[in-house]
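Notes follow once the structure below has been shown.
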Amino acid sequence: MPSISATGIDSGSGLDVNGLVSKLVGAERAPVDNRLNRQEAQIQANISALGTFRGALADFQESLKTLRDSTDLHKVSTNSSDEDILAVTATNGAQQGNYQIEVSQLAQAHRLTSETFLSDIEPIGTGNLSFQFGRVDPATNRFDLNKDASVKNIQITDNNSSLRGIKESVNQAGMGVRATIVNDGQGFRLVFTAEGTGEINSLRVLINDDGDAADKTGLSRLGYDPIRLDGKGMHLIETARAQDARINIDGIEVISSSNKIDGAIEGLLLNIKNLTSNEPVQVKADFDLDAVIESVRGFVNSYNAMNDVIKSVAGYDPATKQAGPLAGDPTIRGVTEQIRRLMGVSFAEINEEYVSLASLGVDTQNNGNLLLDENKLRDAIESNLLEVEQVFAKAGSASDTLVKFISAQNETKMGAYPLRITQLATHGYYIGDESGNLRN
């Protein structure tokens, strides 16, 4: 019988050639794989270390926000003895002080109401409504216009000649007058209310219709001209007089067109709500020293946390003889050196007494961390807040009280700059003569 035979070292010999080849290949690859694995682990460690450093740096930058802005650093806390009568808020430039304030009159908006009409959808006339804002000068019987409010004309045609149409046209104009319709049980009344308070926002409504603008027919029934000596053209009824707010601050009367009075006391916004009765309202403004110390404390803690991270990711531990994953990294080293240089900047060019962080009680220790002496910082703040601000914030000052420092940009270089003023800005104007010519 014929037979088939196979020869070779892997045939019938029991020798696992495939296995041997796999092991030989594996043995050759092992050093390469180990090296790649080590590199991957190193890269992952570096990425993790960079993320940790970035987070610490971001926290440090966040701690600087309340120190970089002088308005945040210069915090003033306020208190009113009766919030139902007068509320007070500190703004830029607020100073410490105690004040006695009496409120004798609240600012009020002007309100005019029409006569009663039987319908709010029937036409009442066509023409033009001219709204003016200002006040009547009783000495000259002249209507002095509010220079901050423009005259607004509303054209009334057959399409909008009803009370409802006039109301919608006035409101859509957005001119500072709110129109409403009230049904008093006898009929419909159109009401005009000035959105601005104070005497300077008194309303004058002039009519130009198809007849006599001063009669009591057609659109003329909505006229209100307070300077007409004959009394004609005053067909609207004044249901609320325009008036200013009147308060007394430590014996000084202050008049304001608004119930929110800003500037009467530098840096304080007064919001008056009701009249005082027997006792004046006590208003106090105190510098919030603890808030500044808390901000500096947060800065020191964030800096120390960042410094600890730098040492762990880029430093060398002599005890374990191990270096951080980013030891020697030029980026980390550059950022670190830049920050440490800033910690040692001298402010002698702009300050006389507090010329460094150390002079404020912020000292650098041997391990690179900062140590805060809060008592020394408190003394510095109480002694010369401006110089403290100029160490931390984008602040500035002028040697002449008639010159005011407003702001500085990030690119502004620290230093003292001479300023010479040769001419102040003035307004130009023209006056018309009888011939219609203009001269300045």
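Going letter by letter, the sequence shown gives residues 616 to 1055 in this note's numbering. Every residue gets a Cβ at the ideal spot worked out from N, C-alpha and C, and that includes glycine.
A straight-line Cα-Cα distance of about 31 Å links Glu989 and Arg948.
Under the DSSP assignment, Ser784 falls in the alpha helix (DSSP H) whose first and last residues are Leu778 to Ala788. Exclusion of the five residues before and after Ile925 leaves Thr951 as the residues of its chain whose Cβ lies within less than 6 Å of its Cβ. By the criterion of a C-beta distance shorter than 6 Å, Ala829 is surrounded in its chain by Lys847 and Gly848, once the five residues flanking it on both sides are discounted.
The Cβ neighbour count for Gly811, taken over all protein chains shown within 10 Å, is at least 16; the residue is labelled buried. Bridge pairing for Glu868: Asn863 [DSSP]. Residue pairing from DSSP places Gly712 in a beta bridge opposite Ala900. Separation of Gln720 and Phe748 (C-alpha to C-alpha, rounded to the nearest whole angstrom) is 21 Å. Just measuring C-alpha positions, the residue of Gly959, Asp905, Arg804 and Thr979 sitting nearest Ser971 is Gly959. Annotation: the continuous beta strand (DSSP E) that includes Phe758 extends over Arg757 to Leu760. In the structure shown, the three-state DSSP call for Ala995 is helix. Between the alpha carbons of Leu733 and Gly780 lies a gap of roughly 15 Å. Here Phe668 carries a helix assignment [DSSP, helix/strand/coil]. If the five residues before and after Met790 are omitted, its C-beta is found closer than 7 Å to the C-beta atoms of Phe746 and Lys767, all from its own chain and listed in chain order. Taking a contact to require three or more Cβ pairs closer than 8 Å, the region 711–729 and the region 849–861 qualify as touching. Non-local beta-carbon contacts of Asn786 in its own chain, meaning distances under 7 Å to residues more than five positions away in sequence, involve Arg793 and Ala794 in chain order. Burial state of Ala722 is buried, judged by a 10 Å Cβ sphere holding 16 or more other Cβ atoms. Counting the other CB atoms within 10 Å of its CB gives Gln801 a total below 16, which places it among the exposed residues.
Burial state of Ile996 is buried, judged by a 10 Å Cβ sphere holding 16 or more other Cβ atoms. Excluding five sequence positions before and after Asn922, the CB atoms of its chain that fall closer than 7 Å to its own CB belong to Gly983 and Asn984, given in chain order. A distance below 7 Å between beta-carbons, with the five flanking residues on each side excluded, links Ala879 to the following residues of its chain, in chain order: Ile864, Val869 and Leu885. DSSP, reduced to helix, strand and coil, places Gln1005 within a helical segment of the structure shown. Between the alpha carbons of Asn774 and Ala788 lies a distance of about 16 Å. Going by beta carbons, Leu818 and Asp840 fall outside the 8 Å limit. With fewer than 16 other Cβ atoms from the protein chains shown falling within 10 Å of its own Cβ, Lys762 counts as exposed.
Inside the region 907–980, DSSP marks whole alpha helix (DSSP H) runs of 4 or more residues at positions 945–958, from first to last along the chain.
About 7 Å separates the CB atoms of Glu814 and Ser872; that is less than 8 Å, so the two are in contact.
Assigned with DSSP and collapsed to three states, Leu1017 falls in coil, not helix or strand. For Val1018, the closest C-alpha among the options Ala1008, Glu1004, Arg1035 and Ser974 is that of Arg1035. A Cβ-Cβ distance of about 19 Å is found for the pair Thr681 and Thr693, leaving them out of contact under the 8 Å criterion. For the pair Thr706 and Gly670, the Cα-to-Cα distance works out to about 33 Å.
Around the beta carbon of Tyr969, 16 or more other beta carbons sit within 10 angstroms, so the residue counts as buried. In this structure, DSSP gives Arg1035 a state outside helix and strand, which the three-state scheme calls coil. According to DSSP, Thr728 shares a beta bridge with Val806 and Ile852.
As the crow flies, the alpha-carbon of Leu1039 is around 52 Å from that of Ser776. An exposed status is given to Leu844, since fewer than 16 other beta-carbon atoms sit within 10 Å of its beta-carbon.
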